[in-house]
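S.K.:
Residue numbers (this note's numbering): 46 to 397.
#1: Could you please give the first and the last residue of the uninterrupted beta strand (DSSP E) stretch that includes residue 279?
#2: Do we get a CB-CB distance below 9 Å when we pair residue 240 with the residues of chain D?
#3: I think residue 59 touches residue 85, with their Cβ atoms under 8 Å apart; what is that distance to the nearest whole Å?
#4: Rounded to whole angstroms, what's the CA-CA distance from residue 154 to residue 313? Just pull it up for me.
#5: Quick one: grab the DSSP three-state call for residue 371.
#6: Measuring alpha carbon to alpha carbon, tell me which residue in 248, 345 and 329 is nearest residue 298.
#7: So what does DSSP say about residue 155, is it helix, strand or coil?
#8: Who are the near neighbours of residue 348 in its chain, counting only those whose CB is closer than 6 Å to its CB and skipping five residues on each side?
#9: If you count every other CB in all the chains shown that lies within 10 Å of the CB of residue 387, and 16 or more means buried, which is it?
#10: Is it a yes or a no for the segment 318 to 335 touching the segment 283 to 295, going by three-plus beta-carbon pairs under 8 Å?
#11: DSSP has residue 139 in a bridge; who is on the other side?
#12: Is the beta carbon of residue 383 less than 9 Å from the beta carbon of residue 260?
#13: Specify, as a first and last residue, the run of the beta strand (DSSP E) that residue 301 falls within.
#14: Taking just the CA atoms, how far does residue 90 sit from residue 316?
#15: Please look up how many angstroms separate the CB atoms of residue 263 and residue 246, rounded, as I've assumed it's under 8 Å.
#16: Using a Cβ-Cβ cutoff of less than 6 Å, which residues in the same chain neighbour residue 339 once the five nearest sequence positions on both sides are dropped?
#17: Which residues mark the beginning and the end of the alpha helix (DSSP H) in which residue 361 is found?
#18: In terms of residues, what are the limits of the beta strand (DSSP E) holding residue 342?
#19: Closest to residue 365 by CA distance: which of 379, 393 and 335 is it?
#20: Beta carbon of residue 243, beta carbon of residue 379: below 9 Å?
#21: Out of 107, 105, 133 and 257, which one is the CA nearest neighbour of residue 377?
#22: With burial defined as no fewer than 16 other Cβ atoms inside 10 Å of the residue's Cβ, what is the status of residue 268: buried or exposed?
#23: For residue 385 versus residue 307, is the C-beta distance shorter than 9 Å?
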């Protein structure tokens, strides 16, 4: 915009913008500080003549600009900020189409975001930010170690997607301007024990018995699965879940995916190049011991008695069954999941 005007024509408006932006450099909100830093760094050279002399009446702006420009942390943050703002096109967002456009579901039907859901998400994120210091000491240590890993990753590759996501999570308390990226890219690559997480996702959306969910959480944490997917995260706080999982729920990532949302979730995982492996006895099932697990695998468990519903089998890439030698023809779903998790882990031990 400013390129269309002469230097004298934009000098006064820029002074006003700079004067209004400077106080936000000390804002308590990280999101506001990030935008203020980027804006001050951008327009300061256009407002003052930076000659470095202490006697210059704008010496404080010169000092501030030098810090923002030369400090390595500021430069790294600014690089991440610029990537978003350079790609953000405000013009189409301000058109009627941009303002009225709504997302669609897997059936191409209108699926607008419910106002209550949006408010709930914002309140949850603000609450987490406000109570971050109230978290147990072990969780604060875990977050600190995670931040160190993110900084190390950024030093190795500033252009990596994971580094960008780590930065955005730290500075954005709300989902403003779509700064937040997919949650599936936000996970730590190491578990609480410091070991690299496997790329195995255990999906137990069809499992509704709390003892089985607790056992699956314990097994998935022991073998460093990426996450456990359950139909309702409220069960994690129940006493019978805690007694069986023996605190595994505190150490493994648990994601809630209800059965009504599972079809869409599985399609998203396939788009992310995951192999969907169903534990189900069918006419075309492969013996577990003969199957070679791909690194990125979603292990889909069925219902305790009915198994995987027929309509979901078309999304499954492979069905596996466990060879049985006794009279009883079925295993408990937790036991089935545990055996399969171990088989996956055994095949990938060298990589871990």
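Ideal placement from N, C-alpha and C gives every residue a C-beta, glycine not left out. Since the model is a prediction, treat every value here as computed from it, not as a measurement.
M.R.: A quick look at the data gives this:
#1: Element bounds for residue 279: n/a, residue is neither H nor E.
#2: In the displayed structure, chain D is absent; only one protein chain is listed.
#3: Rounded, the Cβ-Cβ distance is 11 Å, inconsistent with contact.
#4: So the two alpha carbons sit approximately 17 Å from each other.
#5: coil
#6: 248
#7: strand
#8: 251
#9: exposed
#10: no
#11: For residue 139, which the question treats as bridged, DSSP gives no partner whatsoever.
#12: yes
#13: 299 to 301
#14: 45 Å
#15: With a contact defined as Cβ atoms closer than 8 Å, residue 263 and residue 246 miss out at about 16 Å.
#16: Result list for residue 339: 320, in chain order.
#17: First-last for residue 361: undefined, no H or E at that position.
#18: 342 to 345
#19: 335
#20: no
#21: 257
#22: buried
#23: no
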